Amino acid sequence: MSYNAYITKEPIDGADDGPLAGRTVAVKDNISTDGVRTTAGSAMLEDYVPPYDATVVERLKAAGATIPGKTNMDEFGMGTTTETSNFGPTENPAAEGHVPGGSSGGSAAAVAAGEADLALGSDTGGSVRCPAAFCGVVGIKPTYGLVSRYGLIAYANSLEQIGPIAPTVEDAAELLEVIAGQDPNDATTRDATDEISGRTPDDDIRAYTFADAADGDVDGLEIGIPTELLAGADEDVVETFWDGIDELESKGASYHEVDLPSVEHAVEAYYVIAMSEASSNLARFDGVRYGRSGGYDGNWNETFARAREEGFGEEVKRRILLGTYALSAGYHDKYYKKAQDARAWVKQDFDSALEDADVLASPTMPVPPMERGESLDDPLKMYLADANTTPVNLANLPAISVPAGETDDGLPVGLQLVGPAFGERTIIRAGSALA
Amino acid sequence: MTAQAAQEREHAVVIGLEVHVQLETDTKIFCGCSTDLEDAESNTHTCPVCLGLPGALPVLNEAAVEAAVRVGKAIDASIPEQTRFHRKNYYYPDLPKNFQISQYDAPICQDGELEFTVEGERRSVGIERAHLEEDPGSLTHQGGNIDTADYTLVNYNRAGVPLMEVVTEPDFRDATEVRAFLAKLEEVLEYLGIFDATRDGSLRIDANLSLVDVEEVDEDGTIDDDVLAEANRTEVKNISSHKGAEKALAYEAQRQKNAVKRGREVEQETRHWDESRGITVSMRSKEEEKDYRYFREADLPPLEVSHWKEELSIPELPDARRERFGEEYGLNEEAASKLTTTKQVADFYEDLAATFDPDLVATWVADELLGELNYRDMAITDVEGRLDEIERLVELVATEEITAKNARETVLRGMLDDGDDPDAIVDREGLGKTQRDELQGAVEEAIEENPDAVSDYHDGEGGAINFLVGQVMQKTGGSADPGDVNELLRAELEE
């Protein structure tokens, strides 16, 4: 059966040799591929063919990977279900009739269905971890600055990272090794090879090693469990989560509860910041070079408005309007600035919680995969489903979602582990004890 | 005094400037595209970054920041510990991303000043701030203006060229001051080696002009901020030279005075300077306050620049150099001033003055060379590759191999008009000292050999001189210039 995991199926071949030779890596359709159309799930970019490769795509090709196609996603990454795509919803291969999560739903579904060995998604507020959790696979959201965003069509550029989706933690770690590393084309990337143990200077390339950390050894691992992130979760989900913690404990880990009072405001802060940035990032789509242009009467300003009205979906328009509002004179301090203050607070909370814990654990999503169409009419409900993932983006930290088991109804539940900045090896080691 | 004149005297003109200067860097401010756009085909100096393609990210060209810090040093501005960039959001078809990366709360320069001379008086104008930003692309409207054109062509070659916006305090009191200030600003930028005045669009000026009651001007010339805020002002756009600025603002000041004289209020509006008609035109007052929704550009991390001011050196600036030329070479103010207007002239002068008599060199560079260049609408930059030839010319004069008159009238003009080198002209025209000596010998011989003709000459017989010229021409095989021969003969005969 077709899960509608891909928007465009057009294979891109990589080098003959390399660490990913012989493997397929599906790429989310907001990551630019030279000569292969890249839509970001939007009608606005239906015909857009980038003239350049994203840095991560260059690295995939050099590593010998084959890209089987470009995967479905919520329009411009704005959604938690992959239902806002202009190219139709994606089915969840692990829970039919349910959404695959989003916004990287196509990437997670492709991996879950075996339509790709591995996949790349992008995570602005949970868009890698949520679909990984809903489809029963592994997803990593790297530390902000570990992976180049050059070529990633921006939704909220201060928050997002490209991350791997894979059947196992080790596979995800291998893919992360290939895409991680400083990029002269992305000034926000950092070389943290010194901070991450296992640095191997390979000629003049400062490469990371992550896969060898996936050894399942959690003996002595200290886990912090933020009570706030359990409070709002479904009972079923919480039960499955504790099963996962029990398993880690049986392998030598121990846990304690921690407080993260700031996370109460995280979703609000996240949406104000993400929408504000989106209102600016998406301004370039005005019908002159993208979307349907021309043919309208009126001045250029009206023409821009018409092209945007036609080219964007409902959710994208909602976020652009709210973001524009939040940045406007008179509201900037009340919304945007306040959200920045909240972001700083969230960062601080996480940093101090991570002083006494190696990782912080929570359910990835407070709910199991929704039935298709269930949340589409209620944006607020959809936004609240991001309660556990968005704080991590606000804090710029790395996190992994690993399958923790299933609910009584047989729906996948993901367990999220958050590490300190550039603590990828720690979350990979901890996660590998479960998957 | 007429009533009208009295009314005019009641108002002082207040002008503040926003000057956009293109900084000369090899590549654009956020990508590696070349900024050498002369004769470039449209949309050829572009890449994903300056085209604003989805997914492309800016990377700061530190050379642009260095240029700005040098300006900061020259205008004695404070440089922040950290500089950072903001997005200025507005929709315009020349703006690839529909936002401009600019600076907002931490501009690269703050609180500077620039001194200049106007009508013999020293003046100083405060520079509130100078910040970096990216130039938009350029538009060509076909068959009308932006509202009425059939279609508009967009050229993104210019998009991403580094711009510095210099914002002055409202310290100008008339258009003449503005012109003198801009000339001085250009001079300083040119000295810093970061500005090319000949480049199209390298200088763009917006000016705010308002009238305030003369009573409100304090004795030291300052005006209270509240008074300024209350005065209705017009923003004059589309000024592209210092001459244009003087004309536009003189016009605008008069227009506002006339309005007041007729009892009308000056409308707060944006006006467009129409260079060809010499007037400012209302761009319709759509004066809802623009909201650019500034916020941090997260793609560019803040840049630590606290130590840059110390580390970066700037050359000796025109004022200091002028003074030194007076002291070191004994030049008068006018010569020192002429020789220091551009760094290239000043450097050339100092090169020559190290070898030859500084006074003679001053005459040759400041008067002869610049005079002849100016006459031909040329600048030193147009003879950049021929400075060694000009040096040779000065050498010929300094060593008295040719006369100053010949050097100026024959050699220099020939060099500039025909592109010949000085030695070739001297040879061809027989101006060399050795040739003159030979000629002199032939003249003396002819006089000695033809006493009859000499006495005829002294008796006032007109034909005698022609005969003697013929004799000399014969002796020199016809290579001598008959005019020169005539001159030499007469000089010799009159002794």
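The listed protein sequences derive, respectively, from chains A and B.
Number 179 in numbering that gives the first Met the number 0 belongs to position 180 of the first sequence; there are no gaps in the numbering.
Number 14 in numbering that gives the first Met the number 0 belongs to position 15 of the second sequence; there are no gaps in the numbering.
Where is the CB? At the ideal position from N, CA and C, for every residue including glycine.
The model shown is predicted, which means the values in this text are computed figures rather than measured ones.
Considering only C-alpha positions, which residue in the set the options is nearest to residue i?
i: B:Leu208; options: B:Asn156, B:Leu248 and B:Glu215; result: B:Leu248
i: A:Ala306; options: A:Arg291, A:Gly40 and A:Pro411; result: A:Arg291
i: A:Ala230; options: A:Glu354, A:Asp211, A:Pro260 and A:Thr208; result: A:Pro260
i: A:Arg50; options: A:Ala131, A:Arg58, A:Gly34 and A:Tyr5; result: Correcting the residue identity first, residue 50 of chain A is Pro in this sequence and not Arg. Measuring from the Cα of A:Pro50, the nearest candidate turns out to be A:Gly34.
i: B:Gly136; options: B:Thr175, B:Gly51 and B:Val68; result: B:Gly51
i: B:Leu210; options: B:Glu251, B:Thr339, B:Asp417 and B:His130; result: B:Glu251
i: B:Thr139; options: B:His130, B:Leu131 and B:Asp149; result: B:Asp149
i: A:Arg58; options: A:Asn85, A:Asp73, A:Asp16 and A:Ala42; result: A:Asp16
i: A:Glu256; options: A:Leu353, A:Ile195, A:Asp235 and A:Asn298; result: A:Leu353
i: A:Ala338; options: A:Asp242, A:Glu194, A:Ala325 and A:Pro141; result: A:Ala325
i: B:Ile78; options: B:Ala228, B:Asn405, B:Asp290 and B:Trp307; result: B:Trp307
i: B:Glu322; options: B:Lys337, B:Ser240 and B:Ala105; result: B:Lys337
Compute the beta-carbon to beta-carbon distance between residue i and residue j, rounded to the nearest angstrom, for a pair I have assumed lies under 8 Å.
i: A:Thr32; j: A:Val56; result: 6 Å
i: B:Ala63; j: B:Leu22; result: 6 Å
i: B:Ala76; j: B:Gln109; result: 6 Å
i: A:Thr80; j: A:Val98; result: 4 Å
i: A:Gly322; j: A:Ala277; result: 5 Å
i: A:Ile6; j: A:Phe75; result: Not a contact, Cβ separation roughly 13 Å.
i: B:Val471; j: B:Val425; result: Not a contact, Cβ separation roughly 20 Å.
i: A:Thr83; j: A:Glu314; result: 5 Å
i: A:Asn395; j: A:Pro365; result: Wrong, their Cβ atoms sit about 22 Å apart, outside the cutoff.
Would you report the Cα separation of residue i and residue j, rounded to the nearest angstrom?
i: A:Ala268; j: A:Arg342; result: 7 Å
i: A:Leu228; j: B:Ser281; result: 59 Å
i: A:Val168; j: A:Ala14; result: 24 Å
i: A:Gly286; j: B:Lys236; result: 28 Å
i: A:Asn392; j: A:Thr188; result: 15 Å
i: B:Thr1; j: B:Asp217; result: Reliability fails at B:Thr1, whose pLDDT of 47 lies under 50, so the model's placement of it is uncertain and the value that follows must be treated cautiously. The straight-line gap from Cα to Cα measures roughly 26 Å.
i: A:Thr139; j: B:Met163; result: Strictly speaking, residue 139 of chain A in this sequence is Ile, with Thr absent from that position. So the two alpha carbons sit approximately 42 Å from each other.
i: A:Asp202; j: A:Ser361; result: Only weak support is given to the placement of A:Asp202: the predicted model assigns it a pLDDT of 49, under 50, and the value that follows is read from those uncertain coordinates. Taking the straight line from one Cα to the other gives about 40 Å.
i: B:Glu133; j: B:Val160; result: 6 Å
i: A:Tyr254; j: A:Leu247; result: 9 Å
i: B:Ala335; j: B:Ser41; result: 43 Å
i: B:Thr380; j: B:Asp173; result: 32 Å
i: B:Thr82; j: B:Ser305; result: 9 Å
i: B:Thr279; j: A:Gly180; result: 55 Å
i: A:Tyr149; j: B:Val70; result: 32 Å
i: A:Ala118; j: A:Ile161; result: 10 Å
i: B:Val13; j: B:Glu112; result: 17 Å
i: A:Thr192; j: B:Pro300; result: 19 Å
i: A:Thr226; j: A:Gly100; result: 24 Å
i: B:Glu286; j: B:Glu268; result: Model confidence at B:Glu286 stands at a pLDDT of 47, short of 50, so the residue's coordinates are unreliable and nothing is read from them.
i: B:Leu519; j: B:Ile222; result: Missing from the structure shown is residue 519 of chain B; chain B here goes from 0 to 494 and no further.
i: A:Gly413; j: B:Leu16; result: 60 Å
Applying a beta-carbon distance threshold of less than 9 Å, which residues of chain A neighbour residue i?
i: B:Phe115; result: The premise fails here: B:Phe115 is roughly 36 Å from chain A at the closest Cβ pair, so nothing lies under 9 Å.
i: B:Val64; result: Per Cβ cutoff of 9 Å: no residues; B:Val64 is ~13 Å from chain A at best.
Against residue i, what residues of chain A qualify as contacts under a CB-to-CB distance less than 7 Å, listed in chain order?
i: B:Phe294; result: Ser275, Leu326 and Tyr335
i: B:Asn97; result: Ala282, Arg283 and Asp285
i: B:Asp290; result: Ser327 and Ala328
Quick one: which chain A residues come within Cβ less than 8 Å of residue i?
i: B:Arg86; result: Ser279
i: B:Pro300; result: Ala186 and Thr187
Against residue i, what residues of chain B qualify as contacts under a CB-to-CB distance less than 8 Å, listed in chain order?
i: A:Asn387; result: Ordered by position in chain B, no residue passes the 8 Å Cβ test against A:Asn387, which lies about 23 Å from the chain.
i: A:Pro183; result: Val58
So residue i contacts chain B; which residues on that side make the cut at Cβ distance below 7 Å?
i: A:Arg148; result: Leu56
i: A:Phe240; result: By Cβ distance, chain B contributes nothing, its closest Cβ being about 33 Å from A:Phe240, past 7 Å.
i: A:Ile152; result: Pro53 and Gly54
i: A:Tyr51; result: Pro47
Pairs of beta-carbons, one from the region 86 to 95 of chain B and one from the region 120 to 130 of chain B, closer than 8 Å: are there three or more? no
Below 8 Å, how does it come out for the region 27 to 45 of chain B and the region 153 to 170 of chain B: are there three or more Cβ pairs, yes or no? yes
Spell out a yes or no on whether the region 18 to 32 of chain A and the region 56 to 65 of chain A are touching, meaning 3 or more CB-CB pairs, one atom from each, closer than 8 Å. yes
Assess, as a yes-or-no matter, whether the region 367 to 384 of chain A is touched by the region 213 to 223 of chain A under the definition of 3 or more beta carbon pairs within less than 8 Å. no
Okay, do the region 173 to 192 of chain A and the region 309 to 326 of chain B touch, 3+ Cβ pairs below 8 Å being the bar? no
Quick check: the region 303 to 323 of chain A against the region 264 to 282 of chain A, are at least 3 beta-carbon pairs closer than 8 Å? yes
Could you tell me whether the region 15 to 33 of chain B touches the region 54 to 62 of chain B, where touching means 3 or more Cβ pairs closer than 8 Å? yes
Within 8 Å, do at least three Cβ pairs link the region 142 to 159 of chain A to the region 405 to 416 of chain A? no
Would you call the region 75 to 94 of chain A and the region 124 to 134 of chain A in contact, with 3 or more CB pairs under 8 Å? yes
contact_flag[the region 184 to 201 of chain B, the region 337 to 347 of chain B] where n(CB pairs < 8 Å) is 3 or more: yes
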